[in-house]
Each structure stands twice: as structure tokens, then as C-alpha cells.
Amino acid sequence: MLEIEDLHAGYGDLDVLHGITLRVADGETVALLGANGAGKTTLLRAISRLHPVRAGGIRWDGRDLLAEPPHRLPALGIAHVPDGRGVLRALTVKENLELGAYIPAARAHRRESLERVLALFPILAERRRQPAGTLSGGEQQMLAIGRALMLRPRLLILDEPSLGLAPKVASRIFDVIERIRGSETAVLLVEQNLHRALAIADRGYVLETGRIALAGSSADLLRNPSVRTAYLGM
């Protein structure tokens, strides 16, 4: 499905990613872990064609993704929920969600997708007529994820979905990601809560200063002494 080979990217004269190679298979949940500044968000933005790539390749079902403009990615089945949420504050919750199904393939299933999203996030059903700007931070995060799911994506990219949320709300977000796991939607997850991320992921990659330092199954990474000491405080 998603194949990244020897990817290099940066800002100005500064190199941030140094030869990243990783894969995400159909229906797989993969955690992308690392300290702040390791290059995780830059990598996600490169996949979504929002950041230029200096060298290397990104392929999606065999297609050269670097040849595609960013606006084409939703039609290819890729949805990206960046940090900052990006909800349209003046529109209602329902209108925000419906905008997620704007491509023809998703629009044909809009009612079914809306019912599914509201079942995943019951609070959004209660708030469906409210302007998105009146929601709490946690509710806006749910809305951002729900809007991405309206696309019926084959790959859902999540950048720090629990950042700044109360533990109870963050737990709800993780529960939804776990429910997505094993469906037709693969998930590439960047998350600071490493223990919870590895608990719901099939595999993980650890980035250090723009390089893949470790890779393996979630169980192996949880047992790895370096990961336990450096990232889990154990």
C-alpha cells in the first residue's frame, strides 16, 4: 500500500529527514514514535505532499505519489488529520462532517458514513447543529477525525490526536482508533502517548533526528530496553 524509500526532506539548508524507509500495509495500524523534533510531522506532511521532498520515493499502490498534487490525495483514499485540527469554526458540526465526503466516491455513501461517525462520537450527534467553533478542544479533535472518516479513506494519517486533551477525552480518541483497527482503513499514527499508541498499533517505527532508529512489532518495541528507558520512562 504505502511504501516510502530512502526519503530526504528539510527546511532551507537544514536536513530533517535522512533516508526514511517504511511501509504501511492494507488495514494495518502503524505507530510513528519519537521525541519532539525527530521529524515525525515533516514526514507526515511529505506523504501528504504538503512538504517538498529532496530525494527518495513515496509510492501508493504502486503509484508515484510525488507526481500527485496535494488536492488529489483524498480521491486516492488518503486522509490526513494534522495537529491543530483545522475545523471550520463558522460551520455546524454536521456541515463540517459532510464536507469530508465531498469527493464523488465518498458522497455516494454520505448518509451511511455520517451515521457511522456519529455512532463513534455520540457527543457530535448531540452537537450536530452547533457551530464547530463552540466545541471544546476535545470535541473539535473528534470532529476533525470524524470528518476524515467521512472520506471513507484507505489510509488515515493522524498527527498527535491526543495532544492537549484531558485523559478521559484522549482515551475516547484511542478507543475509536482501536475500533478502526482491522477495518479496511489503515492508520499511520504519530502520538506522544507511546504506551497507548503501541497498545493499539500492529507495528511501530522510532525516529531519532530524522532517521529510523528502531522498527518492529508493537510487542517487541514495548519490550525493547531502549524504548522503555528513553520513551516510556521505565
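Here the sequence shown stands for residues 3 to 236, where the numbers follow the numbering used here. Glycine is no exception: its CB is placed at the ideal position from the N, C-alpha and C atoms.
- Taking all protein chains shown into account, decide if valine 168 is buried (16 or more other Cβ within 10 angstroms of its Cβ) or exposed. Sequence inspection shows alanine at residue 168; the valine mentioned does not correspond to that position. Flag for alanine 168 reads exposed.
- Query: Expressed to the nearest angstrom, what Euclidean distance is found between the alpha-carbon atoms of valine 83 and alanine 150?
  - Reply: One C-alpha to the other measures close to 7 Å.
- Message: Below 7 Å, is the gap between the Cβ of valine 171 and the nearest heavy atom of the ligand PLP?
- Response: For the ligand PLP, the structure offers nothing, since it holds no ligand at all.
- Which residues share a DSSP beta bridge with serine 219? Serine 219 is bridged to Arg205.
- Reducing DSSP to helix, strand and coil, say where isoleucine 182 ends up. The three-state secondary structure of isoleucine 182, taken from DSSP, is helix.
- Query: Which residues bound the beta strand (DSSP E) around alanine 11?
  - Reply: Element bounds for alanine 11: 4-13.
- Task: Provide the residue span of the alpha helix (DSSP H) that contains valine 89, from first to last.
- Result: DSSP places valine 89 in no alpha helix (DSSP H); its state is neither H nor E.
- Item | Bridge-paired residues (DSSP) for threonine 31 | Its beta-bridge partners are Val189.
- Is the number of C-beta pairs between the region 44-62 and the region 115-135 that are closer than 8 Å three or more? Short answer: they don't touch.
- Message: Residues in the same chain with beta-carbon distance under 6 Å from glutamate 5, minus the five sequence neighbours each way, listed in chain order, please.
- Response: For glutamate 5, where only same-chain residues beyond five positions count, the Cβ hits under 6 Å are Arg25 and Arg61.
- Item | Limits of the unbroken beta strand (DSSP E) element including isoleucine 22 | According to the DSSP assignment, isoleucine 22 belongs to the beta strand (DSSP E) that extends over 16-26.
- Query: What residues in its chain sit with their C-beta under 6 Å from that of alanine 48, if we drop five residues either side in the sequence?
  - Reply: Closer than 6 Å at the Cβ level, and outside the excluded window around alanine 48, lie Ala11 and Val55.
- How long is the line joining the alpha carbons of aspartate 28 and glutamate 128, rounded to whole angstroms? Distance between the alpha carbons of aspartate 28 and glutamate 128: 33 Å.
- Query: Buried or exposed: where does asparagine 38 fall if 16 or more other Cβ atoms within 10 Å of its Cβ makes it buried?
  - Reply: Around the beta-carbon of asparagine 38, fewer than 16 other beta-carbon atoms lie within 10 Å, marking it exposed.
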